[in-house]
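**Q** Right, I'll just put the structure down here and ask away after.
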Amino acid sequence: MTTEIQTASRRRASFHSLTVSEVRRLTEDAIEVTFAVPAELSGQYDYLPGQYVALRTKLPDDGGELHEVRRSYSICAEPRTFADGSSEIRVAIKKDLGGIFSTWANAELKAGDTLDVMSPQGAFISRHGRDGNPTQYNVMNSMNNPMQLAGQAGNFVAIAAGSGITPVIAIARTLLAAHPDTRFDLIYANKAAMDVMFLEELADLKDKYPSRLALHHVLSREQRIAPLMTGRIDSEKLQTLLTSALHAEDVDEWFLCGPFELVQLCRDTLAARGVDPEHIRFELFTTGRPDRPEGNAGRPVVEDDSGDMFKISFKLDGLTGDVSSPTHARESILNAALRVRPDVPFACAGGVCGTCRAKLVSGTVTMDENYALEQDELDKGYVLTCQSHPTSESVTVDFDV
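Numbering (the working numbering), first residue to last: 135 to 535.
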């Protein structure tokens, strides 16, 4: 039996406490974490391949004081619903140098622990064959049957680096299973073979679809037989890969996921080759600006002698909040709202994930960065509140629409 569900690519973010059912070591510095989703919450965790969740917990600082920490991670498995109506969420967490949450998770997280998990978010999803509606999917109510798509055949190319494979492997599995004529080309860049996440799973996927999945491992610090597959992906290597290694003509969708420099290189190169931006999906690890996040409760601001203030109003869960922000502070709307409502939704605070988006109802703002909103959302008046600063005396945003 199949059950059709509607999963919005954007939904009101909310946290629920979920139990870790399994922690599996992927590499020396990466783990896969599985969260059990009880039947009564399954509807809150419906998702599309390529989306992410934010995880929230409290960790001690150097002085032993607990502080809230939240990080977002892509879901690495296609949706499954079990016979009893329960489901699961799987994410991969790679340890980052100096990363508080990822270091703790890789060393300490275990089955039986509980974390706050946000409902799935994100627009890094396939829109191919959806007739403008990327949300219509059929989910099998069986633990042995992955999600089935009533999809169209297509040609897809993905370029991923490191943990950028996390959403891509879920997308690839789903699209390849959706139609017997679909083809998927994947370039996967890592430093060395020991760093390759989901190595066995990718090999199994290649064995399952030998003629339809082309898998290219590029290692920057390890010699491979083919010189093209050795070294860092720069502009010259990317051009050669696109010309000689990929079926780069007549591609229906491109998926790019990795560090900012690689994703931007790919976007610029594809644009120069005349690829329609509407056919390119991309997701970043970070913007390369780790100093941008402003904390989990809103950093304090100090009023100056002038007393000049912006008035910021916002609607969240049907309730209206108001906060004054000193003009000299150049405070983001998100930071100001967090000072009076700690449940305002956000994950990365760096302009990447889009969790904090809201609609600008009145007033004007300037937005520093935007790696999450698409042009149609901008045209409708949506902004990323973590990157938006008032430029008028009063500003009103709505998180509920």
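Cβ coordinates follow ideal geometry from the N, Cα and C atoms, glycine included.
Reducing DSSP to helix, strand and coil, say where Val409 ends up.
**A** Looking up residue 409 in the sequence shown gives position 275. Note: Val409 maps to coil in three-state DSSP.
**Q** Are Val529 and Leu507 close, meaning C-beta to C-beta below 9 Å?
**A** Here residue 529 refers to the residue found at position 395 of the sequence shown. Here residue 507 refers to the residue found at position 373 of the sequence shown. Taking 9 Å as the Cβ cut-off, Val529 and Leu507 do not qualify as a contacting pair.
**Q** Using only the alpha-carbon positions, how far apart do Pro393 and Ala295 sit?
**A** As a position in the sequence shown, residue 393 is number 259, starting the count at 1. As a position in the sequence shown, residue 295 is number 161, starting the count at 1. Cα-Cα distance, rounded: 7 Å.
**Q** Suppose contacts are defined by Cβ-Cβ distances below 9 Å. Is Ala323 in contact with Ile359 by that definition?
**A** By one-based count along the sequence shown, residue 323 stands at place 189. By one-based count along the sequence shown, residue 359 stands at place 225. Cβ atoms of Ala323 and Ile359: not closer than 9 Å.
**Q** Taking only the alpha-carbon atoms, compute the straight-line gap between Ser369 and Glu387 and give it to the nearest angstrom.
**A** Working through the sequence shown from its first residue, we reach residue 369 at position 235. Working through the sequence shown from its first residue, we reach residue 387 at position 253. Straight-line Cα distance between these residues: approximately 21 Å.
**Q** Ala463: which of Leu472, Gln286, Phe444, Val478 sits nearest, CA to CA?
**A** Start at 1 with the first residue of the sequence shown, and residue 463 comes out as number 329. Of Leu472, Gln286, Phe444, Val478, the residue nearest in Cα terms is Phe444.
**Q** Give the secondary structure of His313 by DSSP, where H, G and I count as helix, E and B as strand, and everything else as coil.
**A** Along the sequence shown, read from residue 1 onward, the residue named residue 313 stands at position 179. In the structure shown, His313 sits in coil (DSSP, three-state: anything other than H, G, I, E or B).
**Q** Contact defined as beta carbons within less than 8 Å: I believe Leu249 pairs with Thr191. What is the distance between those atoms, to the nearest angstrom?
**A** As a working mapping, residue 249 is identified with position 115 in the sequence shown. As a working mapping, residue 191 is identified with position 57 in the sequence shown. About 5 Å; that satisfies the 8 Å criterion.
**Q** Using alpha carbons as the reference points, say which of Cys520, Leu353, Ile223, Ala188 lies closest to Gly177.
**A** Against the sequence shown, residue 177 aligns to sequence position 43. Out of Cys520, Leu353, Ile223, Ala188, Ile223 has the C-alpha closest to the C-alpha of Gly177.
**Q** Measuring alpha carbon to alpha carbon, tell me which of Thr454, Phe149, Gly298 ends up nearest Ala226.
**A** Residue numbering aside, residue 226 sits at position 92 when the sequence shown is read from its first letter. Answer by Cα proximity: Gly298.
**Q** Using only alpha-carbon positions, find the residue among Thr519, Cys482, Glu511, Ser526 that is nearest to Val187.
**A** Against the sequence shown, residue 187 aligns to sequence position 53. Among Thr519, Cys482, Glu511, Ser526, the Cα nearest to that of Val187 belongs to Cys482.
**Q** Within the continuous alpha helix (DSSP H) that includes Ser369, where are the two ends?
**A** Indexing the sequence shown from 1 puts residue 369 at position 235. Per DSSP, Ser369 belongs to the alpha helix (DSSP H) from 369-374.
**Q** Are the stretch 342-351 and the stretch 249-263 touching, with three or more C-beta to C-beta distances below 8 Å?
**A** no
**Q** By DSSP, does Val457 sit in helix, in strand, or in coil?
**A** The sequence position of residue 457 within the sequence shown is 323, counting from 1. Val457: strand per DSSP, three-state reduction.
**Q** Leaving out five residues before and five after Pro424 in sequence, what residues of the same chain have Cβ atoms less than 6 Å from its Cβ?
**A** Mapped onto the sequence shown, residue 424 falls at position 290. Residue placement at Pro424 is poorly supported in this model, since its pLDDT is 40, which falls under 50; the coordinates still yield a value, given next. None.
**Q** Who are the near neighbours of Leu200 in its chain, counting only those whose CB is closer than 6 Å to its CB and skipping five residues on each side?
**A** Residue numbering aside, residue 200 sits at position 66 when the sequence shown is read from its first letter. Counting only Cβ-Cβ distances below 6 Å, and skipping sequence neighbours, we find Lys192, Pro194.
**Q** Taking the continuous alpha helix (DSSP H) assigned at Glu465, which residues delimit it?
**A** The sequence position of residue 465 within the sequence shown is 331, counting from 1. Glu465 -> no alpha helix (DSSP H), and no H or E assigned at all.
**Q** Return yes when the Cβ of Ala337 is within less than 9 Å of the Cβ of Asp319, no when it is not.
**A** As a working note, residue 319 is residue 185 in the sequence shown. As a working note, residue 337 is residue 203 in the sequence shown. No.
**Q** Helix, strand or coil for Asp402? Go by DSSP, reduced to three states.
**A** For this step, residue 402 is matched to residue 268 along the sequence shown. Reduced to three states, the DSSP call for Asp402 is helix.
**Q** So, at 7 Å on beta carbons, what are the nonlocal neighbours of Phe149 in its own chain, with the 5 sequence-adjacent residues on each side left out?
**A** Working through the sequence shown from its first residue, we reach residue 149 at position 15. For Phe149, where only same-chain residues beyond five positions count, the Cβ hits under 7 Å are Arg190, Asp250, Val251, Met252.
**Q** Could you check which residue in Ala382, Gly232, Met363 has the C-alpha nearest to that of Asp196?
**A** Numbered from 1 along the sequence shown, position 62 holds the residue referred to as residue 196. Closest option to Asp196, Cα to Cα, is Gly232.
**Q** Determine the contact status of Thr489 and Thr525, defining contact as a CB-CB distance below 9 Å.
**A** Looking up residue 489 in the sequence shown gives position 355. Looking up residue 525 in the sequence shown gives position 391. No, these two residues do not count as a Cβ contact at 9 Å.
**Q** For the beta strand (DSSP E) holding Asn240, just list the boundary residues, first then last.
**A** Here residue 240 refers to the residue found at position 106 when the sequence shown is read from its first residue. Taken as a continuous stretch (DSSP letters only), Asn240 belongs to no beta strand (DSSP E), being part of the alpha helix (DSSP H) at 234-242.
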